[in-house]
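Reviewing the structure listed below.
Here it is as C-alpha cells:
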C-alpha cells in the first residue's frame with residue numbers, strides 16, 4: 093500500500109468514526125431539548141455555545157488547526173440549533189402586521205436565532221410578477237394583488253419549519269389567512285400609529301400610503317384593520333419601545349409556551 097492509499101484508508105476510518113460520534117451528539121442534543129422543555133429551561137443559550145468553543149480549543153493537540161475547528165464547530169452548532177427548531181416548530185412561524193411594524197427585520201432575526209429558512213411573501217410576489225407591489229396595485233388593484241398573494245401562499249402550502257413574513261394587507265383576505273393557518277402559527281407584531289409613522293417617515297415605496305402618511309391617517313388605517321389582525325393572530329407581540337432582538341426572543345418564548 094502506497095502513501096496515498098494509506099492516507100485515504102486513515103481518512104475513511106476517521107469518517108466512519110465521525111459519523112458514529114456525530115449521531116451520538118445529535119441524539120444527545122434531542123435529549124437535552126426534551127429535558128429543557130420538561131423543566132422549562134431556556135432552549136437557546138448563547139453562553140453555552142461560548143463554553144463549547146473554549147472547551148474545543150483546550151482539547152486541541154495541534155493548535156495550527158484552531159481556525160479549522162472553529163469553522164467546523166460553528167457549523168455543528170448551527171446544525172444542532174436547526175435540529176432543535178425542527179422538533180420545536182414543526183410548523184411555519186408566520187409574521188403579520190401593519191407596514192412599518194418590523195416584520196422583515198424580526199423574521200430575519202428569528203431565522204438566524206432558529207436556523208430556519210426565511211421567505212418574504214411580497215418578495216416572492218415581485219419575483220413572480222416582475223414588477224413592484226406599487227405597480228401591481230396601480231395596474232391590477234387590490235383584487236389583483238390578493239390573487240397574486242394567494243398564488244404565492246398556495247405554493248408555500250406544503251412548507252414547514254419556515255419563517256414567513258407577510259405583507260401588511262394579507263389580513264384583508266380571509267382565504268389567504270386560512271391557508272397560512274393550515275401549517276403555521278400567526279404572530280401579530282402590534283405597533284402604535286406613532287411608532288409606525290416615525291418608521292415610515294422617509295419611506296415613499298408604498299404609493300397607497302402616500303396620502304395617509306400622518307399619525308391620524310395611520311391611526312385610521314390601523315383601526316380599520318384592528319379586528320382583522322386580532323382574529324388572524326395566534327400570538328400578539330407589542331413592539332413599541334422594543335428592539336428587534338428582544339422581539340424575536342419574546343416570540344420564541346411565547347411559541348414555546350403554547
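Numbering (the numbering used here), first residue to last: 93 to 350. Quick reminder that beta carbons are idealized off the backbone N, C-alpha and C, glycines included.
Of the listed residues the options, nearest to residue i (C-alpha basis)
i	options	result
residue 198	129, 120, 338 and 158	338
residue 285	318, 174 and 122	318
residue 115	168, 260 and 292	168
residue 238	119, 261, 345 and 136	261
residue 347	291, 218 and 253	253
residue 276	327, 243, 108 and 314	327
residue 350	132, 315 and 157	132
residue 313	190, 270, 226 and 230	190
residue 141	157, 309 and 165	165
residue 146	158, 136 and 137	158
residue 241	290, 307 and 225	225
residue 344	120, 122, 134 and 107	134
residue 188	273, 234, 111 and 293	273
residue 121	200, 233 and 137	137
residue 215	200, 232 and 259	259
Integer-rounded CB distance, given that residue j should sit under 8 Å from residue i
i	j	result
residue 255	residue 172	Not quite, the Cβ-Cβ distance comes to about 18 Å (not below 8 Å), so this is no contact.
residue 221	residue 288	About 26 Å; that fails the 8 Å criterion.
residue 228	residue 236	6 Å
residue 368	residue 271	No statement about residue 368 is possible, as the shown extent of the chain runs from 93 to 350 and does not include it.
CB of residue i within 7 Å of CB of residue j, strictly
i	j	result
residue 281	residue 329	yes
residue 257	residue 195	yes
residue 125	residue 176	yes
residue 186	residue 217	no
residue 148	residue 161	yes
residue 283	residue 332	yes
CB contact check: residue i to chain D, cutoff 7 Å
i	result
residue 214	Going by chain labels, chain D is absent from the structure shown, which holds only one protein chain.
Notebook entry, point to check: Do three or more CB pairs link the stretch 263-280 to the stretch 321-336 at distances below 8 Å?
Noted result: yes
Check: Does the stretch 144-164 come close enough to the stretch 172-189 that 3 or more CB-CB pairs lie under 8 Å?
Finding: The count of Cβ pairs closer than 8 Å, one atom from the stretch 172-189 and one from the stretch 144-164, stays below three, leaving the stretches out of contact.
Checklist line | Three-pair Cβ contact test at 8 Å for the stretch 326-345 versus the stretch 203-220 | finding: yes
Notebook entry, point to check: Is the stretch 242-262 close to the stretch 211-230, with three or more CB pairs under 8 Å?
Noted result: yes
Next item on the list: Entirely within the stretch 247-312 and at least 4 residues each: give me those alpha helix (DSSP H) ranges in chain order.
Entry: 266-274 and 285-292
Item checked: Minimum length 3: unbroken beta strand (DSSP E) runs contained in the stretch 317-343 -> 327-330
Check: Counting only runs that start and end within the stretch 118-143, where is the alpha helix (DSSP H) found for 4 or more residues in a row?
Finding: Within the stretch 118-143, not a single complete alpha helix (DSSP H) segment reaches 4 residues in length.
Next item on the list: Just list the alpha helix (DSSP H) runs in the stretch 148-233, keeping only unbroken ones of 4 residues or longer that don't cross its boundaries, in chain order.
Entry: 158-180, 195-206 and 213-221
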